[in-house]
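**Student:** Going by numbering that gives the first Met the number 0, the residue at position 183 of the sequence shown is 182; the numbering climbs one at a time, nothing skipped.
Yeah, the Cβ is synthetic: ideal placement off N, Cα and C, and Gly gets one too.
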Amino acid sequence: MLALSAKLMNSRLAFVLWCVCAPGVFLLCAATEPLSPSPESRLVDEAIQAEVKGDIAGATERYRKALDINPTMKRVHYQLAILAFQKGLFAEALSECDAEISLGSRSVDPYQLSGAIYARLQQYERAEAAFKKAAELAPASPRAWNNLSEIYRLQHQWEQAAASFEEAEKLEQPDACGLLKKQLITLSAGKVEAVDAKLAEFRASPPCAPWVDALACAVAIQKKNPVHAAIEWKAFVGRAKPEFIETVRRDLFFQEAACVSGMEFLKNQL
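#1: Classify residue 71 as helix, strand or coil using the three-state DSSP reduction.
#2: Assuming residue 83 and residue 92 are in contact, meaning their beta carbons sit under 8 angstroms apart, how far apart are those beta carbons, in whole angstroms?
#3: State the DSSP-derived secondary structure class of residue 87, mapped to helix, strand or coil.
#4: Compute the distance between the beta-carbons of residue 153 and residue 123, then report whether it is under 8 angstroms.
#5: Express the C-alpha separation of residue 78 and residue 66 in angstroms, rounding to a whole number.
#6: Quick one: what's got a C-beta closer than 8 angstroms to residue 56's C-beta in the same chain, skipping five residues either side?
#7: Does the stretch 167-176 come close enough to the stretch 127-142 that 3 or more CB-CB pairs lie under 8 angstroms?
#8: Quick check on the DSSP output: what are the complete alpha helix (DSSP H) runs of length 4 or more inside the stretch 127-159, in order along the chain?
#9: Terminal residues of the continuous alpha helix (DSSP H) containing residue 216?
#10: Exposed or buried, what is residue 39 when buried is set at 16 or more other beta-carbons lying within 10 Å of its beta-carbon?
#11: Measure from the alpha carbon of residue 46 to the alpha carbon of each residue in 62, 53 and 37, then state which is nearest.
#12: Please state whether the Cβ-Cβ distance between residue 343 and residue 218 is less than 8 angstroms.
#13: Output needed for residue 116: all residues of its chain with C-beta closer than 7 angstroms, excluding positions within five of it in sequence on either side, in chain order.
#14: Given a cut-off of 8 angstroms, decide if residue 126 and residue 150 are closer than it, judged by their beta-carbon atoms.
#15: Quick check: the Cα distance between residue 201 and residue 130, rounded to an integer number of angstroms?
#16: Which residues in the same chain as residue 59 place their Cβ atom closer than 7 angstroms to its Cβ, once the five residues preceding and following it in sequence are excluded?
#17: Can you tell me which of the three DSSP states residue 171 falls into?
#18: Just the Cα atoms here: how many angstroms apart are residue 216 and residue 145?
#19: Counting only the same chain and skipping the five closest in sequence on each side, list residues whose C-beta sits under 6 angstroms from that of residue 76.
#20: Just mark residue 71 as buried or exposed, buried being the case when its beta carbon has 16 or more other beta carbons within 10 Å.
#21: With a CB to CB cut of under 6 angstroms and the five nearest residues on each side skipped, what residues in its chain are close to residue 24?
#22: First and last residue of the alpha helix (DSSP H) that includes residue 225?
#23: What whole-angstrom Cβ distance do residue 133 and residue 143 have, given they're in contact under 8 angstroms?
#24: Less than 8 angstroms between the C-beta atoms of residue 182 and residue 147, yes or no?
#25: Quick one, which of 176, 184 and 246 has its alpha-carbon nearest residue 160's?
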């Protein structure tokens with residue numbers, strides 16, 4: 000889900016973009032730019048206010064006029080890229096990202112957005128290149144490393160996915176989805192015994208979180224034990240929140256555990 004907000008502070012306007020992330024969904028960093036009272040800046044001010052009111056066409060028109068006056072406004076290209084992305088105009092969004100980059104921008108934002116678009120288009124090599132550049136520009140950003148880990152995961156490059164995830168983990172404690180994803184990546188790399196050992200550790204340290212039941216289900220899938228897998232999945236569904244269940248079902252199991260093992264016996268229950 001994308002959300003956009005704008006506020007005026009001491010006649011300086013800042014606009015922020017963020018993305019709520021689940022596995023398979025890529026994070027976009029915040030972007031801010033102070034504005035001076037020039038004609039093009041007033042147009043950008045009007046464009047952002049139009050966005051807040053939901054007038055996307057009016058916002059786009061004003062951004063374009065601002066660029067006609069001053070073609071070097073890097074962040075305006077990014078805002079146009081966001082608007083195009085929200086409308087599903089991926090080629091246009093990529094073009095605007097490239098325009099900002101060509102102006103010498105050192106922001107990670109156009110690379111993060113380009114990577115997310117290429118990933119959605121299943122152009123994984125291009126997505127990987129974009130996310131690598133984002134991690135290079137912002138090595139202290141967990142978002143950059145998480146996105147890189149995600150693109151490796153989608154390509155079933157488990158070792159690289161694990162290494163990138165570890166970089167992100169050094170910078171930010173992962174949430175429940177992240178903890179589960181880390182173990183599923185290890186499991187998908189064929190390290191069943193290592194994950195089984197971690198599973199025993201998790202269950203020996205109560206209170207045991209619901210995601211541990213989902214991990215137990217994945218381990219049972221890899222061990223070709225459908226009865227045990229079904230029991231663990233039912234335990235997970237009985238304790239986890241509905242949105243977390245859907246995230247695990249949609250974004251984790253069928254991309255890793257079930258797909259890698261080649262077993263579909265849980266499909267009806269998942």
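**Tutor:** Let me lay it out:
#1: Taking the sequence shown and counting its residues from 1, the one referred to as residue 71 is at position 72. Coil at residue 71, not helix or strand.
#2: To locate residue 83, count along the sequence shown from 1; it is residue 84. To locate residue 92, count along the sequence shown from 1; it is residue 93. Going by Cβ atoms, the distance from residue 83 to residue 92 rounds to 4 angstroms, so yes, they are a contact pair.
#3: Here residue 87 is taken as the residue at index 88 of the sequence shown, counted from 1. Correct three-state label for residue 87: coil.
#4: On the sequence shown, residue 153 is found 154 positions in, with the first residue counted as 1. On the sequence shown, residue 123 is found 124 positions in, with the first residue counted as 1. Inclusion of residue 153 and residue 123 in the CB contact set at 8 angstroms is warranted, their separation being smaller than that value.
#5: Working through the sequence shown from its first residue, we reach residue 66 at position 67. Working through the sequence shown from its first residue, we reach residue 78 at position 79. So the two alpha carbons sit approximately 12 angstroms from each other.
#6: Indexing the sequence shown from 1 puts residue 56 at position 57. Excluding five sequence positions before and after residue 56, none of the CB atoms of its chain fall closer than 8 angstroms to its own CB.
#7: In short, these stretches touch, since the Cβ pair count reaches three.
#8: 141-153, all fully within the stretch 127-159.
#9: For the purposes of this step, residue 216 is identified with residue 217 of the sequence shown, where counting begins at 1. For residue 216, the enclosing alpha helix (DSSP H) has its first and last residue at 209-221.
#10: Stepping through the sequence shown from its first residue, residue 39 is reached at position 40. Looking at its Cβ environment, which holds 16 or more other Cβ atoms inside 10 Å, residue 39 is buried.
#11: As a working note, residue 46 is residue 47 in the sequence shown. Residue 62 is the option with its Cα nearest to residue 46.
#12: The first residue shown for the chain is 0 and the last is 269, placing residue 343 beyond what the model contains.
#13: Locating residue 116 in the sequence shown gives position 117, where the first residue counts as 1. The beta carbon of residue 116 lies closer than 7 angstroms to those of 84, 89, 92 and 93 in the same chain, with the five residues before and after it left out.
#14: By 1-based counting over the sequence shown, the position of residue 150 is 151. By 1-based counting over the sequence shown, the position of residue 126 is 127. It is a contact, given that the beta carbons lie within the stated cut-off.
#15: Counting from 1 along the sequence shown, the entry for residue 201 is found at position 202. Counting from 1 along the sequence shown, the entry for residue 130 is found at position 131. Approximately 32 angstroms, taken between the alpha carbons.
#16: In the sequence shown, residue 59 corresponds to position 60, counting from 1. Around residue 59: 79 and 82.
#17: In the sequence shown, residue 171 corresponds to position 172, counting from 1. Coil.
#18: In the sequence shown, residue 216 corresponds to position 217, counting from 1. In the sequence shown, residue 145 corresponds to position 146, counting from 1. One alpha carbon belongs to residue 216, the other to residue 145, and they sit about 24 angstroms apart.
#19: Mapped onto the sequence shown, residue 76 falls at position 77. Non-local beta-carbon contacts of residue 76 in its own chain, meaning distances under 6 angstroms to residues more than five positions away in sequence, involve 95, 98 and 99 in chain order.
#20: Counting from 1 along the sequence shown, the entry for residue 71 is found at position 72. It is exposed - the Cβ of residue 71 has fewer than 16 other Cβ atoms within 10 Å.
#21: By 1-based counting over the sequence shown, the position of residue 24 is 25. Low local confidence applies: a pLDDT of 48 at residue 24 is under 50, so the model's placement there is unreliable, with the coordinate-based value given in what follows. Same-chain partners within the cutoff: there are none.
#22: Along the sequence shown, one-based indexing puts residue 225 at 226. Residues 225-238.
#23: Position 134 of the sequence shown, counted from the first residue, corresponds to residue 133. Position 144 of the sequence shown, counted from the first residue, corresponds to residue 143. Sure, about 4 angstroms apart at Cβ, within 8 angstroms.
#24: Counting from one through the sequence shown, the residue named residue 182 turns up at place 183. Counting from one through the sequence shown, the residue named residue 147 turns up at place 148. Inclusion of residue 182 and residue 147 in the CB contact set at 8 angstroms is not warranted, their separation being larger than that value.
#25: Residue mapping note: residue 160 aligns to position 161 of the sequence shown, counting from 1. Out of 176, 184 and 246, 184 has the C-alpha closest to the C-alpha of residue 160.
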